[in-house]
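Residue numbers 103 to 152, in this note's numbering, belong to the letters of the sequence shown in order.
Comments concern the structure below.
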Amino acid sequence: MADRTLTVCEARALATQDGVETLIATMTGTLMALPRRKPAGLQTGIRAAN
103 MADRTLTVCE ARALATQDGV ETLIATMTGT LMALPRRKPA GLQTGIRAAN
């Protein structure tokens with residue numbers, strides 16, 4: 103199996119009004135890092151049109 107890294111991240115946005123913080127948004131995301139590879143045309147022998 104090829105090397106891959108999966109990262110899960112989480113964020114929260116808070117608003118402050120009159121000294122009171124209120125949660126207004128949340129986010130959960132995933133990112134996957136893949137190893138570099140050659141462009142598709144170089145892998146298959148097909149050349150891109152100019």
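Note that the Cβ used here is the ideal one computed from N, Cα and C, for glycine as well.
Whole-angstrom C-beta distance between residue j and residue i, which should lie under 8 Å
| i | j | result |
| --- | --- | --- |
| residue 112 | residue 124 | Wrong, their Cβ atoms sit about 18 Å apart, outside the cutoff. |
Residue j beta carbon less than 8 Å from that of residue i
| i | j | result |
| --- | --- | --- |
| residue 109 | residue 128 | no |
| residue 135 | residue 106 | yes |
Limits of the unbroken beta strand (DSSP E) element including residue i
| i | result |
| --- | --- |
| residue 114 | 107-119 |
| residue 125 | 122-135 |
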